[in-house]
Structure formats: C-alpha cells, structure tokens
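Top to bottom, those sequences are chains W and C.
Its first residue numbered 1, the first sequence is counted upward by one per residue in the numbering used here.
Its first residue numbered 282, the second sequence is counted upward by one per residue in the numbering used here.
One structure is given below, encoded as structure tokens.
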Amino acid sequence: MTPVSHEPMEELLDRPKMRDQLVAASVDLGRGLARWRLWWLLGVGDIRQRYQRSWVGQFWITLSMLVTIVALGVVYSYLFHMSLREYLPSLTLGMIGWALISSMVTEACTVFTGAGNYLQQVPLPKTMFVHRMLVRNLVTFAHNVTIVPLLYLAFGIAPGWPALLVLIGLAIVTLNGFWIGLLLGMLGARFRDMPQMIASLMQIAFFVTPVMWRQDQLAPGVSWLVDINPLANLLRLVRDPLLGHVPTLLAYVMGIALMVVGFSVTLPFFARFRARIPYWL
Amino acid sequence: MASIELDQVTIEFPIYNARGRSLTGELFRRTVGGLIQSDKSSSYVSVVALRDINLKLTDGDRLGLIGHNGAGKTTLLRVLAGVYEPLSGRAQINGTVASLTDITMGMDFEKTGYENIMMRGVFLGLEPKEMRRMIPEIEAFTELGEFLTLPLRTYSSGMLLRLAFAVTTAVIPEVLIMDELIGAGDAAFVVKATARLNEMISNSHILVIASHDVETIRRLCTKAALLQTGRIVRVGPVEEVISAYLTPNATTAAS
Chain W
1 MTPVSHEPME ELLDRPKMRD QLVAASVDLG RGLARWRLWW LLGVGDIRQR
51 YQRSWVGQFW ITLSMLVTIV ALGVVYSYLF HMSLREYLPS LTLGMIGWAL
101 ISSMVTEACT VFTGAGNYLQ QVPLPKTMFV HRMLVRNLVT FAHNVTIVPL
151 LYLAFGIAPG WPALLVLIGL AIVTLNGFWI GLLLGMLGAR FRDMPQMIAS
201 LMQIAFFVTP VMWRQDQLAP GVSWLVDINP LANLLRLVRD PLLGHVPTLL
251 AYVMGIALMV VGFSVTLPFF ARFRARIPYW L
Chain C
282 MASIELDQVT IEFPIYNARG RSLTGELFRR TVGGLIQSDK SSSYVSVVAL
332 RDINLKLTDG DRLGLIGHNG AGKTTLLRVL AGVYEPLSGR AQINGTVASL
382 TDITMGMDFE KTGYENIMMR GVFLGLEPKE MRRMIPEIEA FTELGEFLTL
432 PLRTYSSGML LRLAFAVTTA VIPEVLIMDE LIGAGDAAFV VKATARLNEM
482 ISNSHILVIA SHDVETIRRL CTKAALLQTG RIVRVGPVEE VISAYLTPNA
532 TTAAS
C-alpha cells in the first residue's frame, strides 16, 4: 500500500463553500418544515411507544406529574410555612412549565444520535428531527396541562384573560427549543458526553430557578439573579399567564433576546456542520 | 431522466475516540478496511472510506459494485443515496432515489401492519391518499390477511419480512440502490419476491448494487466497478472487472 499525501479535514472545510452551505442549510430548514406529517407522526409515536401496553397508557405522564406535585406540595408548604392554597398553584404551574423546558433541553442532546438509523439510510432533512423532539415535548406538556383545571377547581382560581398569553409563551419557548435542539443535537452527536453534562446542569438549574420556591422569598438584594436567569424568564412566560398574571415585560424581552442570540449562533453553526452530522453518528 | 455524477469524491470518517491511535493504526493497517490516516502533528485520526471517486451514470445503467469487506461499497452506496454529502469533491444525484439497504427502517413494532404501511408512505413523502391506494396491492402481495390489523410484534420474522418487502417495493424509484440482493421468506414467497424485485429493477432507470456474489452481478448488471481500499481500481464491462476481482494480482497491477 503506498502512502497517500493527506490533507487534514479542517483544511478541506475551509474552502470557500460558505454560500453552498448556507443554501443547503436553508433548504434543510424548508424541507424540514414541509415534512410535518413525518415528524408529527414520529413525535407522537415516541410517546405512544413509551406507554403502549401500560394500563393507563400515556396518562402516566399526567399521573406521575400529579404525584410529584402533591408530594412536593405537602412537604415544601410545611418547610416554607405556607398554606397549600398559597403554595400549590405556583408549584404546580412551575413544575409543569419546568418539565417542558428542561426536557426540551435534555432531549436536545439526543436529537440526532437517536435518529441514527434514519440518518444513515435516507437523506431526510436534519431539522426534521428537532421538530420531532419539540412535538414529543409539547404533547407531553398537553398531558400535564390537564392538571391545571383540577387546580383551578380545587382552589377556586379563575385566571381570566391573561391565561391566553400562555400561547405566546409556548411559542417563544418552542422557538427557543428549536435552536437549542439543533445546537445541542449537533454537539451531542459529536461529543457523546453532552447528554450527561446537560442533565447535570439542568439539575442544578432546577434548584436555582424559582420552581419550588418563589422569587419573593429571596432577599431583595439577590432577586436580580432570577431576572437574569434565561430559564427562569422562559418559565415565567408559561407559568404566570396560567396563574392569571401577565408576565413581566422583562420576561418577554429576555425570552426574545435569547431566541435572537440563539438563532444567530446556531444557524451559521448548522450551515457549517450540517453535512457532517451523518459522519458523526 | 435520472443521472448520477460523482466528481473526485472523497469520504473520510473522523475517529475521535481513538486514544491508542498508533495501536489501532497498526492493528488495522494490514487487515480489512479503508486507509487509516493519521496526522502526526495533531491527534487527528481518520478513516478514508472513499478516495477520489469519479463516476457517471445515466438512464439504463446497471452498475455492480464488487470488492472485499471494507473496500467502501456501502459507503459509496450511501453517497449515492444522498446520506453522506461529500466534504471533498462533488456529488450530483438527479432523480428519486430508493435505497433497499435496511428494508425494515422506520417500522414500529407497536403499530399494526396497516399503520406501518401508512407510515412508510409518509417516509416516502407520499400523501395518505396515494398510499391508501396502494394498500390492496400490498395486502395481496403479503398474504398476511387479518394479521395486518395486529401490531408488528406479533409477527414472525418471516411475516415481518413479507410486509417490509412489500412496502419497500411498492413504489418504484428512478435510482435503485441495493446492498446485496434482498431475499425473503419461505419457498413460495421467494418466487413472488424475486419476480417483484426483477420488475422493480427493470423499471428503475439506474441500478447500483453491491454484492459479493459474482453471479448476481453477472445476471443484473451491464457494468461493474471494483473497489479496493476506497478507490475504484477498475470500472468497465462486467466480465472484465469480475476477472480482475477474482485474480488479486491483476488488481494490484491495475492500481
């Protein structure tokens, strides 16, 4: 075998292909959306598969959320010396919102590694698998949200018109979920310790984000720490409307800013590395 | 009108987790596989699966790929299927492509036969309407009857193969890509499957098949290419390439 002169791959990549890459990335985005039927079915299928043949089926999602909320609610209302009436509503909506945000982020890492059998067989648009992950999480959220009317009944809450703002909140969270899924999906395919790393980070994030506690429990001097926490702001956009409050302007500004920054980092990154995803699997 | 054009295509797989770079390099150098390259100045290691592939196929071409394990046949098929976009060189594939490499892809064992048929249609990008129109034909071909209303996990492997085969061959592509001939099931079904496959092959515009079975290549192909450590060392009339493949010395001389 004769030795072959060899260029490292990084050099091959630096050739002026940027234009082609950007075009290919946009085509991928467009085709990804166009295949809605496929990602919808795959996303819903993921949920169905997880709970098929179990007794209450996918309502295990709701049930386990309910159990967690009741258990935490009882314990922490004691710890915080609050009545259930005072504590449980914000805990419930906090948990439901957090479950959506955190599972989007953790599942983002396996968007492409979990699609290896497809991506190595057929040239499907890569972004399609991000949509699949988002569908899966939104369907889970829809199951959890059925707890909310129970909560309203139990505590006689009427959230009024601000509840509608939850749709805007979900839209902002989902759009953020898209760039996170694309970015972490690529990083997770390339670096296989991403899922573990992100899972531990999200664990920490859970404690520094006001899910189980409330921002007004913090000393006034440090309450800004919550305001600059992007996850806390995303959470506000989903939680506050369902509690009957209009989220603060800051929450919207932060949510949209996160989206703008996220997309402007992710899209060039995606353009550059899109073609390499199957090589990493 | 379908066409395939590969121009100086090189496919290289980075190996990131090869700690014992020199050891693995030594282990693989003289056995099967592509060229393992390592850049001494960095920790960069890669396998060159395909190198400088030039290939031009047009309507009516039936190309057989031969070569030892690890010569790059499957990688080349995946390039042709559009899975690996070359990072170096250019690949232009015009026409609808179907790859019969994993015929059970996307099948969900919890879903029924019918649901899986529809699912495959969605994979192919067909409207549910179009796919529903194909159901009677698939029903007849698989002879699975009532079983199509049951989840796939209740199927035997032979039944599963029947269904997978039927849905995979339901739509005839312009470019057909195969990794070995797919054969299926019991004696009665084999006859049917072979007939169906032959129909599919003859109706596709371009066929590319990789096989270790020289007879398959002789029977189906009009030309052949011999791959060796990621290069096409010979391409031309079937008999010529096969004899080069069967006499190892001749191929070394050709490269």
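Here a beta-carbon is modelled for each residue, glycine too, at the ideal position from N, C-alpha and C.
- W/F129: member of the alpha helix (DSSP H) spanning M128 to N144, first to last residue.
- Scanning its chain for C-beta atoms nearer than 7 Å, with the 5 sequence neighbours on each side dropped, one finds around C/F470 the residues R443, in chain order.
- Among the residues of the segment 44-70 of chain W, those with a Cβ less than 8 Å away from any Cβ of chain C are G45, R48, Q49, Q52 and R53, in the order of the chain.
- Bridge pairing for C/G345: C/I490 and C/A505 [DSSP].
- Put simply, the CB of W/L41 is near chain C, with a gap under 8 Å to one of its CB atoms.
- In the displayed model, C/G376 falls within coil according to three-state DSSP, outside both helix and strand.
- Residue-level contact check: W/V105 does not touch chain C, since none of the beta carbons of chain C fall below 8 Å from its beta carbon.
- Burial state of W/W280 is buried, judged by a 10 Å Cβ sphere holding 16 or more other Cβ atoms.
- Under the DSSP assignment, C/N350 falls outside any alpha helix (DSSP H); it carries neither an H nor an E label.
- Here C/E391 has P432, L433 and R434 as same chain residues with Cβ atoms under 8 Å from its own Cβ, once five neighbours each way along the sequence are excluded.
- Exclusion of the five residues before and after C/E455 leaves A283, G376, T377 and H486 as the residues of its chain whose Cβ lies within less than 6 Å of its Cβ.
- For C/T382, the chain W residues whose Cβ falls inside 7 Å of its Cβ are Q121, in order along the chain.
- In the structure shown, C/S369 falls within a strand segment according to DSSP collapsed to helix, strand and coil.
- By the neighbour-count criterion, in which a residue is buried when 16 or more other Cβ atoms sit within 10 angstroms of its Cβ, W/N137 is buried.
- Neighbours of W/P278 across chain C, judged by C-beta separation under 9 Å: R359, V364, Y365 and E366.
- Close to C/E391, with beta-carbon spacing below 9 Å, are these residues of chain W in chain order: G45, R48, Q49, Q52 and R53.
- In terms of beta-carbon proximity, C/M400 lines the interface with chain W, with at least one pair separated by less than 8 Å.
- With a cut-off of 8 Å on Cβ pairs, the segment 121-134 of chain W is not in contact with the segment 194-207 of chain W, counting fewer than three such pairs.
- Contact between C/G511 and C/G353 holds, since their C-beta atoms are separated by about 4 Å, short of 8 Å.
- By the neighbour-count criterion, in which 16 or more other beta carbons inside 10 Å mark a residue as buried, W/L225 falls on the exposed side.
- In the three-state reduction of the DSSP assignment, W/N229 falls in the coil class, being assigned neither a helical nor a strand state.
- With respect to the 8 Å criterion, W/V105 and W/G185 are not classified as neighbours on the basis of their beta carbons.
- Classified as buried, W/Y87 has 16 or more neighbouring CB atoms from the shown chains inside 10 Å of its CB.
- Shown here, W/R53 sits in coil according to DSSP, grouped into three states, outside any helix or strand.
- One alpha carbon belongs to C/L507, the other to W/F269, and they sit about 38 Å apart.
- Taking the beta carbon of C/M386 as reference, the chain W residues within 9 Å of it are N117, Y118, Q121 and V122, listed in sequence order.
- By the neighbour-count definition (other C-beta atoms within 10 Å, threshold 16), W/G30 is an exposed residue.
- Exclusion of the five residues before and after W/V139 leaves G43, V44 and I47 as the residues of its chain whose Cβ lies within less than 7 Å of its Cβ.
- Listed along the chain, the chain W residues whose CB falls inside 7 Å of the CB of C/V403 are R37, L38 and L41.
- C/T450 and C/T385 have their C-alpha atoms spaced approximately 12 Å apart.
- Excluding sequence positions up to five before and after C/Q289, its CB lies within less than 8 Å of the CB of D333, I334, N335, S369, G370 and R371, all in the same chain and listed in chain order.
- Annotated as proximal: W/G244 and W/I157, with beta-carbon spacing under 8 Å.
- Closest in C-alpha terms to C/I374, from the list C/S492, C/N479, C/V364 and C/S524, comes C/V364.
- For W/A25, the closest Cβ of chain C is not nearer than 8 Å.
- A Cβ-Cβ distance of about 14 Å is found for the pair W/G169 and W/P230, leaving them out of contact under the 8 Å criterion.
- As the crow flies, the alpha-carbon of C/E521 is around 12 Å from that of C/V495.
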